[in-house]
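Note sheet for the following structure.
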Amino acid sequence: MAFSDPTLTAIVDMLQQHPEALRIHKLIYAIYHHRWENDPQILLNAPILGLIQSLQQQAPTPAALQGQLIQVAKQLNKPERYLAISQIILGIVSPLYTSHNTPRETVSSPATPAIVPPTTASPTLVPLATVPPATVPPATLPPATQPPPHPRATEGMADLDYDHFEARLAIIKYANPLRAKILIFSAVDHPFGFSRQDWDSLQQWSLDQLIRQLVQSYPMASRLEQCLDQLATGFAELPPLEQMRQDAEAIVRAVRPLYEQTTGPATEDSQSLLTGFNATVDLMTLASAMGSPHPSSEVDDDADLTCQFFVRPQ
Amino acid sequence: MNANDLLDLYASGKTDFRGQSLRNFDLVGADLIGANLQHCDLAGADLSLAYLSRANLRHCNLAQANLSGANLNQADLGQANLTDANLHGASLQGATLFAVQLALADLMDANLLDADLREAQLMSTNLRGACLRGANLREETRGDCTDLRGAILTEVDLRGANLKGANLSRVNLEGANLREANLRSTDLSGANLREANFKDASLSDANLSGADLSGAQLQIARLERVLLQGANLTACNLEGALLADAKLGQATLAQANLKQAKLSRVDLSRANLQGASLVGAMLVEAYLARTNLTQADLTDANLSRAELSSAILTQAILTGATMPDGSSYL
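In order, the protein sequences belong to chains Y and L. Heads up: the first sequence begins at 1 in UniProt numbering, then just goes up one per residue. Heads up: the second sequence begins at 1 in UniProt numbering, then just goes up one per residue.
Right, here's the structure in full:
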């Protein structure tokens, strides 16, 4: 680590003494471990000092850190609250970057996630207050530059009997393949802006990779459905709303078997893919099937409403 | 005529635009369903997300046109020139692409279900993630074969497709779905077929010399008389595959699963079968000169009249095997 101890100590103190210290700790833990943790004992065993030290390696620029914070926060059931927590974290840890970021700003790091390119031109942070929970404006997030790893190497799907050819077929039979890609890309990365850069990014992802990323990013089917429905209404450049909605519905229908595998056909959430949004996901079953630990029964007020795993940075 | 004139005429009911020069027209999202655009010059035109289903585009010049996301279902593109065209995410379900020029075109994630691609020229075409289930790419009698040399076919879905006689030399089909596909007499020499799924596929008389099939799924596949000299079949699953009269000289089959495979009269000379499972395999009259069978499991295999004298059998398991002289190994 390159930053000085006094700076780090002061930052850790500020984080620990903050009224939202617990949520701050949880969010930082989630960024680093790629899963949500509510167990106080486990959090206690992962001191914030070590997490912050590792975090700067994982997110070597302020923009990278912001991207990761948004990526996680917007997947939670309380995105507004955790976007505010993200803002607090960014405010407190920014001295680490201002004093030691110069050589790293343009250096590629293997720990940098796909959604945040290492060559991001400006490290300037965008106020999170401008970022709505599930629909991040194109200008506020850097575009994806790299697709996820090859499907066979993608973590989290290994336990599922996932026939990606069948899922893809189910989408393209009933949806326009390009519009489906644009919708899914917008759901897993940032809303497609029709810029040259976005078209180039879209070309890097195969539909299959996007489907896998979608299911990993949205452990709750109801959130997925809600997000796609919102996105379908937001593209002035694309065909009539009704067609976009049909595309979104085709995507949801195609991935529904995956949720049925993980939650069982009788759970409310898997049913919600067809019937509505007011469902409760069976997080314990889902988390278990996706390789994440069960949520603890000793939880705070967010615990039973918070996503249990995230897209793993590449 | 400009793009607006064209669309106005179409909106007023005119559908016949044969032979028009529409070069570089901006027709993004245009509705031209069922229009007759035969012999039109649409080179460089922007037809992204256009509606062209059932349109007649025979003999059209669509070189370098942008057709990304276009709906071309059941369209007739026979003998059209689509060289270097952008068809990313286009829908071409049931479309006629007979003898079409698609060299250097981008068909990534395109829907080509049941499309007719006979005699299509697909050299160096990007078909990554495209769905070609039930598509017809077979060689026509007295016609040209479908040419896919150098095409990118990773993650492509060719389940049940007919590729008989197609030229797939050196293509990249890594991870592709070729289940139940007809690949008889195809040229797959030097192709990258790693982890491709050929279950129930027919590859009889195909040329797979020097191909990389490591980790491929070939259960119950038909591979009679296939040429596999020098091919890499490491950890390949060939359980129950039909390989009679196949040529596997110098092929690598280490750790391969050949349980119950039919290998009569197969040439495995100098092949590497180290650690392979040949349990219950039929190796009648197989040629195993200098074949490396170290630690191979030949339990209950039938080696009647096989040439085994120079094979390397160090730590091979031969329990219950029928030996070349007809005796049972105890």
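Using N, Cα and C, we set each Cβ at its ideal position, and we do this for glycine too.
Short Cβ contact (8 Å threshold) for residue i with residue j
{"i": "S189/L", "j": "N207/L", "result": "yes"}
{"i": "S91/L", "j": "L67/L", "result": "no"}
{"i": "Q219/L", "j": "N237/L", "result": "yes"}
{"i": "A286/L", "j": "V266/L", "result": "yes"}
{"i": "A241/L", "j": "A221/L", "result": "yes"}
{"i": "N292/L", "j": "L273/L", "result": "yes"}
{"i": "G134/L", "j": "G165/L", "result": "no"}
{"i": "G129/L", "j": "D208/Y", "result": "yes"}
{"i": "C40/L", "j": "Q20/L", "result": "yes"}
{"i": "E195/L", "j": "A216/L", "result": "yes"}
{"i": "V100/L", "j": "A75/L", "result": "no"}
{"i": "Q255/L", "j": "A276/L", "result": "yes"}
{"i": "G69/L", "j": "A55/L", "result": "no"}
{"i": "L127/L", "j": "L113/L", "result": "no"}
{"i": "A296/L", "j": "A321/L", "result": "no"}
{"i": "E225/Y", "j": "V252/Y", "result": "yes"}
{"i": "D147/L", "j": "L117/L", "result": "no"}
{"i": "M282/L", "j": "N302/L", "result": "yes"}
{"i": "A43/L", "j": "R18/L", "result": "no"}
{"i": "T319/L", "j": "T294/L", "result": "no"}
{"i": "Y32/Y", "j": "S54/Y", "result": "yes"}
{"i": "A50/L", "j": "D26/L", "result": "no"}
{"i": "L183/Y", "j": "A221/Y", "result": "no"}
{"i": "H18/Y", "j": "I24/Y", "result": "yes"}
{"i": "L178/Y", "j": "H59/L", "result": "no"}
{"i": "E224/L", "j": "S209/L", "result": "no"}
{"i": "L308/L", "j": "L330/L", "result": "no"}
{"i": "D84/L", "j": "A110/L", "result": "no"}
{"i": "S304/L", "j": "V284/L", "result": "yes"}
{"i": "T186/L", "j": "L168/L", "result": "yes"}
{"i": "R290/L", "j": "A306/L", "result": "no"}
{"i": "L15/Y", "j": "I92/Y", "result": "yes"}
Residue range of the alpha helix (DSSP H) that includes residue i
{"i": "Y10/L", "result": "A3 to A11"}
{"i": "K26/Y", "result": "A21 to H33"}
{"i": "F165/Y", "result": "H164 to I172"}
{"i": "A187/Y", "result": "P177 to V188"}
{"i": "G50/Y", "result": "I48 to Q58"}
{"i": "D114/L", "result": "No alpha helix (DSSP H) holds D114/L; DSSP gives it neither H nor E."}
{"i": "R196/Y", "result": "R196 to Q204"}
Sheet register partners of residue i (DSSP bridge)
{"i": "N177/L", "result": "D157/L and N197/L"}
{"i": "D76/L", "result": "N56/L and T96/L"}
{"i": "M323/L", "result": "BP columns for M323/L are empty, so no partner."}
{"i": "I152/L", "result": "N126/L and N172/L"}
{"i": "S217/Y", "result": "In DSSP, S217/Y forms no bridge with anything."}
{"i": "S91/L", "result": "N71/L and N111/L"}
{"i": "C131/L", "result": "N111/L and D157/L"}
{"i": "K164/L", "result": "None; K164/L has no bridge partner."}
{"i": "Q68/Y", "result": "For Q68/Y, which the question treats as bridged, DSSP gives no partner whatsoever."}
Which of helix, strand or coil DSSP assigns to residue i
{"i": "R222/L", "result": "strand"}
{"i": "D229/Y", "result": "helix"}
{"i": "L43/Y", "result": "helix"}
{"i": "R312/Y", "result": "Here the model assigns R312/Y a pLDDT of 40, short of 50, so the residue's position is not dependable and the matter cannot be decided."}
{"i": "Q101/L", "result": "strand"}
{"i": "I312/L", "result": "strand"}
{"i": "S21/L", "result": "strand"}
{"i": "D159/Y", "result": "Caution is warranted here: a pLDDT of 40 is assigned to D159/Y, below 50, making its placement in the model unreliable, and the coordinate value is therefore given only provisionally. Of the three classes helix, strand and coil, the one that applies to D159/Y here is coil, per DSSP."}
{"i": "T7/Y", "result": "helix"}
{"i": "M282/L", "result": "strand"}
{"i": "M244/Y", "result": "helix"}
{"i": "I92/Y", "result": "helix"}
{"i": "L15/Y", "result": "helix"}
{"i": "T294/L", "result": "coil"}
{"i": "I251/Y", "result": "helix"}
{"i": "residue 315/Y", "result": "Coverage of chain Y is limited to positions 1 through 314, which leaves residue 315/Y absent and any answer about it impossible."}
{"i": "I33/L", "result": "coil"}
{"i": "S269/L", "result": "coil"}
{"i": "L183/L", "result": "coil"}
{"i": "D144/L", "result": "coil"}
{"i": "S292/Y", "result": "Interpretation of S292/Y is limited by its pLDDT of 34, a score under 50 that renders its predicted location unreliable; the figure taken from the coordinates is listed afterwards. Looking at S292/Y - three-state DSSP - the assignment turns out to be coil, as it is neither helix nor strand."}
The ligand NAP heavy atom lying under 7 Å from the CB of residue i
{"i": "D31/L", "result": "Ligands displayed in this structure: none; no statement on the ligand NAP is therefore possible."}
Worksheet item: Using 8 Å as the threshold, is the stretch 201 to 208 of chain Y in touch with the stretch 236 to 248 of chain Y, meaning 3 or more CB pairs across them?
Response: no
Discussion item. For the structure I just gave you, are there three or more beta carbon pairs, one from the stretch 123 to 134 of chain L and one from the stretch 148 to 162 of chain L, closer than 8 Å?
Written reply: Yes, they touch.
Worksheet item: With contact counted as at least three CB pairs below 8 Å, one residue from each stretch, are the stretch 177 to 184 of chain L and the stretch 182 to 199 of chain Y in contact?
Response: no
Worksheet entry | Three-pair Cβ contact test at 8 Å for the stretch 165 to 176 of chain Y versus the stretch 79 to 86 of chain L | no
Worksheet item: Is the stretch 71 to 83 of chain Y touching the stretch 38 to 50 of chain Y, taking contact as three or more C-beta pairs under 8 Å?
Response: They do not touch, by the three-pair rule.
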